[in-house]
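The working numbering applies: residue 395 is where the sequence shown begins, and numbers increase by one. Just so you know, even glycine gets a beta-carbon here, dropped at the ideal spot from N, CA and C. From a predicted model like this one, the values you see are computed outputs, not experimental measurements.
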Amino acid sequence: MQALFYSLITGAFLLLPFVNIAQDQPEFSYELRLTNTKGQPDSGREVVFVETETFERLVFKTNSSGELSLTFDHGKIWLGSVGEMRNCIEIDVSYGGRGNRTMTYDPVAWERENQKLPDRRTISFTEVDQTRLTSAEKPTTTETVLTLVLQDQQRKSYSKVEVALVCFETATKYISKTDGAGKAVFKLPINQNYEIDVDGVESLKYVDLGSRAMKQSMHIMYQPRTFTEKKDDRFIVQNVPEGTKPSSSHARVKLKVRKDYNKAIDEDVYVRMLKSNKVYKAKTNDQGEVTFMLPIRAQYAVDFKYQRSADFIDLSKVKGIAFQNMGVNYIVDPRLANIEEFIPGVDELVEYDMHSFVHAQFPEPTVNDVDFQLKWGNKFNENSKEALLEVGMRVKSKMNRKSPDPLNVCFVIDKSGSMSGEDRIGQLKESLIKFVEQLHTDDMVSIVVFDGDSRVAVPASKLRNKKAVIDIIHAIQAGGGTNIYSGMVKGFEEVKKLKTANSIDRVILLTDGYGSTPPEEIIAEAKKHIASGVELSCVGVGIGYNQELLSLLASAGGGLLHLASTSEGIEEVFQRELESILYPMAKEATLTVRYNDKIVYRQLYGYANEKVTPGKMNVQIPHLFPGLSQMALIKFDLINPTKAIINEKVVVTLEYTDPVTNKAVKIEKKISPEWTDATGELDMAIDMEHKKVLAVAIANQSLKQMSNSFESGNNDAAKVALESAISQLQNLFPDATPSELLAVVDQLQVYVDAFQLLKEQSNY
């Protein structure tokens, strides 16, 4: 049994259980000195290390001098958290050696330094030009005068450098340029936080202004670029001379690419900046190497012609000058090499769930557990041609746990490399932690993670120590392949360890990709375990996963299939899954809409597979759970409307059976059109949430057209449908795309690129 030694620097030693055997690897010594914000020793502070492969967890405390001394003799990467400063230490101990660090315990500053910034593509900024301000500018009672000074290490100043201060809270961007002394002067509202952009590099630094207005200055180390770049079509192409050094704003990243165990020579490499439209493109040389100069404070995905998200580059925490050399394996995705397998057919198509994008809030029910609201999106007059009816569904938020039986759940989590994209792994960890925090101490929890292999991160046990489980969740890092089969089997095994006659036993499988094992083998293995009484629910993230497989697994397992179209949707589906277990309600409800020959049903947005008969439309609502707040839109055609139309009511009925009382519940509401004597054509009132509904409908319709055209052999029509949808979405949101829809636009573009690639292959 290997051991880790722990000692206090005062000289008192505590040895953990130890067996004297030969060491498999050299020791790594690490010393930490911790102070508080006043510079005093921070004693008794908890320090937790978790090994990222085995998830071994070790807990220590600093001594009276705020010091901690450790010797690692096993493991590879250990992530350390100091108090509430999560993952603030990362140590690679695999080659031995020593390291030390002095740090200040300041959770507020740590959180500010590492906060997740919004995607700027989703924000419409107001620009304020302050290039004319000089050092003579004086502060006011509400504004601070901030002077930024750009100098290199030799204190040389640089003029005409573009600088901007960005305030996300007010959606304002203050822009300027440095003068001959390298100074840029800004006049900024106090009590706000600002990101500092320099020479086109976003969030290079930040400055937070307090409640006191003043004059202040801030020096920023700046080094001009020694390389050039230009925009070529959708890509940024750089000219990086041999020997180019990194700068204060750009890291020098050399990728060594291998394909089929050989150097990948003359291969196109695409480095995609996350939360951005920027994509850098270059070719590997005769050694299979390629060099990029990448802005720091950002994360990137590495793509190839026939592989997306082959690897990830994280420069988000880089400070100062940075070199990075990394090996990347180019493994051809057979679905991309054979585009016919990549583009989904009609039966394979994964449509977006509108409810992952729309976040409307409706009034809390007061009588029943479930209620709904009706509202017209427009008034009517004799020129009206169509109408939009909003149906707002709401379930009570506060419910009592209806089952006293303990929950026995295993989360089987995909941590493959693609989970790094769009911050999926970060969102997953936050959602998983919130799920765990809601469980009782008698509930039983286990966590299995899988990439190319699988391992048990948290063995099945009662939830007596939530903090220990949360520490391990924080340490989950993305990387590797996608072995769904192995992860799922381990998940079932963990649940079975603590299964009792009255426990609620469920495996929750989350993935964003395709497994390496044939689907029929995965399903056959799952059915063996399901037969023993363990349920299985599945969560698909994005639209790059095997929906058919997950649907069959969830159906066989008696659980639910959740579709988290974006990373933001992961929390919602986890909450939905938890509440479906703890607060069982109607698993299926029916919404019926009755209309007349003056107001005729045309289309439903929000739910699928509606059935339409003369004068009536009904649709199944698949799942009700506490706190649900969902919106559907119904579009009607108006037939020669007159003022008498106000007597033509639309009747909406919701029916479901309470699974606890087994009683039928029926709620019926009527709504009359609102007439106006105003002349001319009346536009439908389309608010932001309605726009999102229409955007998802446009995307789904284009995907259907794509699949239909593709199956009929008309690839040009498929590509045109996708490009048309992208254009429509851009017109719908001309200033800024809502964050939830960015992944939709990106995925449509992926399919456009796929059809372009297919065309090139056929021409070749």
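Residue span of the alpha helix (DSSP H) that contains residue i, given as start and end
i: residue 868; result: 860-868
i: residue 600; result: Looking at the DSSP string, residue 600 is not in any alpha helix (DSSP H); the run it does join, the beta strand (DSSP E), is 595-603.
i: residue 630; result: That residue, residue 630, is in no alpha helix (DSSP H); its beta strand (DSSP E) goes 629-633.
i: residue 1066; result: Element bounds for residue 1066: n/a, residue is neither H nor E.
i: residue 965; result: 963-976
i: residue 1095; result: 1082-1105
i: residue 923; result: 913-924
i: residue 887; result: 878-891
i: residue 1125; result: 1109-1126
i: residue 823; result: 818-831
i: residue 503; result: 501-507
9 Å Cβ cutoff met for residue i and residue j
i: residue 455; j: residue 521; result: no
i: residue 523; j: residue 485; result: no
i: residue 824; j: residue 965; result: yes
i: residue 850; j: residue 805; result: no
i: residue 873; j: residue 810; result: yes
i: residue 737; j: residue 1119; result: no
i: residue 877; j: residue 909; result: yes
i: residue 487; j: residue 422; result: yes
i: residue 598; j: residue 582; result: no
i: residue 1129; j: residue 518; result: yes
i: residue 691; j: residue 555; result: no
i: residue 499; j: residue 436; result: yes
i: residue 686; j: residue 647; result: yes
i: residue 446; j: residue 464; result: no
i: residue 653; j: residue 725; result: yes
i: residue 631; j: residue 674; result: yes
i: residue 1116; j: residue 1146; result: yes
i: residue 720; j: residue 697; result: no
i: residue 427; j: residue 496; result: yes
i: residue 640; j: residue 715; result: yes
i: residue 775; j: residue 1069; result: yes
i: residue 891; j: residue 854; result: yes
i: residue 516; j: residue 1016; result: no
Selection from the options that minimises the alpha carbon distance to residue i
i: residue 602; options: 664, 687, 502; result: 502
i: residue 542; options: 553, 536, 535, 534; result: 553
i: residue 707; options: 665, 640, 753, 731; result: 665
i: residue 547; options: 614, 578, 534; result: 614
i: residue 563; options: 588, 539, 497; result: 588
i: residue 711; options: 481, 974, 985, 1059; result: 481
i: residue 1005; options: 854, 932, 425, 988; result: 988
i: residue 907; options: 930, 884, 744, 891; result: 744
i: residue 813; options: 889, 836, 703, 862; result: 703
i: residue 669; options: 505, 1139, 526; result: 1139
i: residue 882; options: 701, 947, 724, 557; result: 947
i: residue 607; options: 884, 742, 535, 663; result: 535
i: residue 1134; options: 697, 448, 749; result: 749
i: residue 1019; options: 1061, 976, 1002; result: 976
i: residue 819; options: 800, 799, 845, 593; result: 845
i: residue 857; options: 802, 531, 683, 879; result: 802
Extent of the continuous beta strand (DSSP E) run through residue i
i: residue 537; result: 537-545
i: residue 683; result: 683-689
i: residue 640; result: First-last for residue 640: undefined, no H or E at that position.
i: residue 529; result: No beta strand (DSSP E) contains residue 529, which DSSP labels as neither H nor E.
i: residue 548; result: No beta strand (DSSP E) holds residue 548; DSSP gives it neither H nor E.
i: residue 844; result: 838-844
i: residue 901; result: 898-905
i: residue 614; result: 609-615
i: residue 581; result: 577-583
i: residue 707; result: 701-708
i: residue 808; result: 801-808
i: residue 934; result: 929-935
Interface flag, residue i vs chain D, CB-CB below 9 Å
i: residue 994; result: Checking the listed chains, one finds no chain D in this structure; it contains a single protein chain.
| Per the contact definition of three or more C-beta pairs closer than 8 Å, is the region 1049-1063 in contact with the region 1031-1038? | no
| Would you call the region 924-936 and the region 866-873 touching, i.e. three or more CB-CB distances under 8 Å? | no
| query | Are the region 758-772 and the region 993-1000 in contact at 8 Å, needing three or more beta carbon pairs? | reply | As far as the Cβ criterion goes, the region 758-772 does not touch the region 993-1000, which means the pair count is below three.
| field | Uninterrupted beta strand (DSSP E) stretches inside the region 711-790 (no shorter than 3 residues) | value | 717-724, 764-770, 780-789
| Three-pair Cβ contact test at 8 Å for the region 623-636 versus the region 524-544 | no
| request: Within the region 408-492, note down every full beta strand (DSSP E) run reaching 3 residues or more, in order along the chain. | output: Complete beta strand (DSSP E) runs here, min 3: 422-429, 440-445, 451-455, 461-466, 471-476, 479-486.
| request: Any chance you could list the beta strand (DSSP E) runs of at least 3 consecutive residues sitting entirely within the region 1001-1075, in chain order? | output: 1005-1007, 1010-1015, 1023-1032, 1044-1051, 1058-1065
| field | Sufficient close CB pairs (3 or more, under 8 Å) joining the region 819-835 to the region 966-973 | value | yes
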